[in-house]
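Under our numbering, the residues of the sequence shown are numbered 196 to 391, in order.
By construction, the Cβ of each residue, glycine as well, lies at the ideal position given by its N, Cα and C atoms.
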Amino acid sequence: MSATTLPLAARLAGFYFFFFALTGITLPYWSPYLLARGFNPAEIGLLLALGMSTKLFAPYLWGALADRSKRRMAIVRLACLCALISFSAVYWLPVGLLGWGLLMFVFQFFWNATLPQFEATTLNHLGTRSHRYSWIRLWGSVGFILSAMALGFALEHYGIELVPHLMLILFAGLLAVSFLIPEAPDRTVSAPGTTL
């Protein structure tokens with residue numbers, strides 16, 4: 196069975212699996228990795244806040260671009276690629292608050308763009324079968340649990356240096372899976388004159 200003959204639901208589930216497997220690494224292990232790189236707790240807090248600050252505007256900017264282009268999966272693929280490329284700077288960027296602050300900001304600007312656009316894509320693909328969403332999204336939870344647990348055991352044997360390697364592999368997996376998912380029909384309904 197080739198990847199493109201996999202049922203669409205399995206491909207959608209695969210994206211959630213990789214996305215939340217990444218979260219299962221970043222949530223518990225990214226801060227200890229930064230500590231091992233030489234950052235102090237105050238600097239780690241600042242770095243995490245810089246990355247998280249992109250959630251205040253990145254999804255809206257990327258959403259507006261996706262709404263205009265009507266090509267959500269193209270936006271998701273671009274964001275995955277840019278997140279992968281920008282995150283790879285962990286291998287050559289010298290330890291320093293300014294450089295790593297920029298790294299955190301840039302890679303999370305792209306990474307935080309993917310999930311809202313992918314959620315819209317998933318729901319558009321499901322259409323009237325939205326009851327299947329919970330089964331598809333369940334695989335994100337599976338990815339989170341497996342990566343958080345497995346990495347804990349792996350770090351005992353291989354050390355904290357494993358964290359960025361696995362994150363890069365998962366970013367590559369996320370990008371690869373994104374190419375298996377077609378654009379969804381646009382099912383947005385606009386109501387003229389209404390705002391939030």
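- DSSP, read as helix, strand or coil, puts F214 in helix.
- Judged by beta-carbon spacing, I220 lies within the 8 Å limit of V358, meaning their Cβ atoms are closer than that value.
- For the pair G338 and A216, the CB atoms are nearer than the 8 Å cut-off.
- In the same chain as M299, and ignoring 5 residues on each side of it, the C-beta atoms closer than 6 Å to its own belong to L242, L245 and G246, in chain order.
- If you compare the alpha carbons of A208, W225, L207 and L203 with that of L363, the shortest gap goes to W225.
- Only residues of its own chain outside the window of five on either side were considered, and among them Y211 have a CB closer than 7 Å to the CB of R332, listed in chain order.
- Fully enclosed alpha helix (DSSP H) runs of no fewer than 4 residues occupy 267-282 of the region 260-290, in order along the chain.
- With contact defined as three or more Cβ pairs closer than 8 Å, the region 305-312 and the region 269-280 are in contact.
- Taken in chain order, the unbroken stretches of alpha helix (DSSP H) that lie wholly in the region 286-330 and span 4 residues or more are 292-321.
- When the beta-carbon positions are compared, L369 and F214 come within less than 8 Å of each other.
- Taking C-beta atoms as the reference points, I340 and M268 fail to come closer than 8 Å.
- When DSSP states are grouped into helix, strand and coil, E351 belongs to the helix group.
- Judged by their CB atoms, T323 and A379 are not nearer to each other than the 8 Å cut-off.
- By the CB criterion at 8 Å, L279 and F366 fall inside the cutoff.
- Close CB contacts of S281 within its chain, under the 6 Å cut and outside five residues either way in sequence, are with V301 and F302 (chain order).
- In the three-state scheme derived from DSSP, where H, G and I count as helix and E and B as strand, E238 is classed as helix.
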